[in-house]
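Undergrad: Quick one: structure below, then a few questions.
Residue numbers (the working numbering): 28 to 238.
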């Protein structure tokens, strides 16, 4: 199974002036409430996997809010390694990301964020997305990434990314229009069974949406 979820509450949702004061306005960190949301999501996933088999992998977007959320998820699941995949990054529209993003280095982040101190971060080697980028291009990227991950990893996997990523996963699992998902709350998630009859292309069937 593969779980695809959005990150926890970000600081610019709580403080409208944060972007004006930050030198990295495109990469907000999660709030204390966001960490609480992430921990609760991790506990929820763990409860759902008691009978289905433990989560083996946690994969994250390179954006800070996702790395921090993934750290809380990994802690709840007893996982020590987070795989960072550039194919999961935010939609790089200029209205959201006005400059080419420079991603934080997880090893440096571990020095200031205690929740990450005991974790290992490894990059999957996927190239960075083109900037600037339109939503239509990002949707193609999300589809390719979400179809690639279960083939690369195998086993039960949690993917921590962005609202548009979750919306695209809903479209893949439910076969709905890409623009029919209007809102993805913080730490909401979609869990789907994954099968690959030909051993090359995954087929998703939605089994659960929450919380």
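Glycine included, every Cβ here is placed at the ideal spot set by N, Cα and C. Only a predicted model underlies this, so the values are computations on that prediction, with no experimental measurement involved.
Can you find the residues in the same chain that come closer than 6 Å, C-beta to C-beta, to residue 112, ignoring five residues on each side of it along the sequence?
TA: In the chain shown, counting from the first residue as 1, residue 112 sits at position 85. Hits under 6 Å: 86, 151 and 153.
Undergrad: Could you tell me whether the Cβ atoms of residue 33 and residue 193 are closer together than 7 Å?
TA: Sequence index remark: in the chain shown, residue 33 carries index 6 (1-based). Sequence index remark: in the chain shown, residue 193 carries index 166 (1-based). For residue 33 and residue 193, yes; Cβs fall inside 7 Å.
Undergrad: Just to confirm the assignment, what range does the beta strand (DSSP E) spanning residue 93 have?
TA: Counting from one through the chain shown, the residue named residue 93 turns up at place 66. Not the beta strand (DSSP E): residue 93 falls in the alpha helix (DSSP H), residues 91-104.
Undergrad: Are there three or more Cβ pairs, one per stretch, closer than 8 Å when the segment 128-144 is compared with the segment 170-188?
TA: No, because fewer than three Cβ pairs between the segment 128-144 and the segment 170-188 fall closer than 8 Å, the two stretches do not touch.
Undergrad: Let me know the alpha helix (DSSP H) ranges lying completely inside the segment 121-157, each 4 residues or longer, listed in chain order.
TA: 133-136
Undergrad: Should residue 84 and residue 216 be called a contact, given that it needs their Cβ atoms to be closer than 7 Å?
TA: Numbered from 1 along the chain shown, position 57 holds the residue referred to as residue 84. Numbered from 1 along the chain shown, position 189 holds the residue referred to as residue 216. Contact flag unset, no.
Undergrad: The ligand MG heavy atoms versus the CB of residue 134: any closer than 6 Å?
TA: Within the structure as shown, the ligand MG is missing, as the structure has no ligands at all.
Undergrad: Whole angstroms are fine: how far does the CA of residue 129 sit from the CA of residue 52?
TA: Against the chain shown, residue 52 aligns to sequence position 25. Against the chain shown, residue 129 aligns to sequence position 102. Here the alpha carbon of residue 52 sits roughly 11 Å from the alpha carbon of residue 129.
Undergrad: Here's a check: name, in chain order, each residue in its chain whose Cβ is nearer than 6 Å to the Cβ of residue 200, leaving out the five neighbours to either side.
TA: Residue mapping note: residue 200 aligns to position 173 of the chain shown, counting from 1. Closer than 6 Å at the Cβ level, and outside the excluded window around residue 200, lie 219, 231 and 233.
Undergrad: Starting from residue 220 and walking both ways along the beta strand (DSSP E), at which residues does that stretch end?
TA: Walking along the chain shown from the start, residue 220 turns up at place 193. Residues 216-222.
Undergrad: Could you tell me the distance, in whole angstroms, from the CA atom of residue 60 to the CA atom of residue 96?
TA: Here residue 60 corresponds to residue number 33 of the chain shown, with the count starting at 1. Here residue 96 corresponds to residue number 69 of the chain shown, with the count starting at 1. Spanning the two alpha carbons is a distance of roughly 11 Å.
Undergrad: Are the beta-carbon atoms belonging to residue 69 and residue 214 less than 7 Å from one another?
TA: On the chain shown, position 42 is the one that residue 69 refers to. On the chain shown, position 187 is the one that residue 214 refers to. No, these two residues do not count as a Cβ contact at 7 Å.
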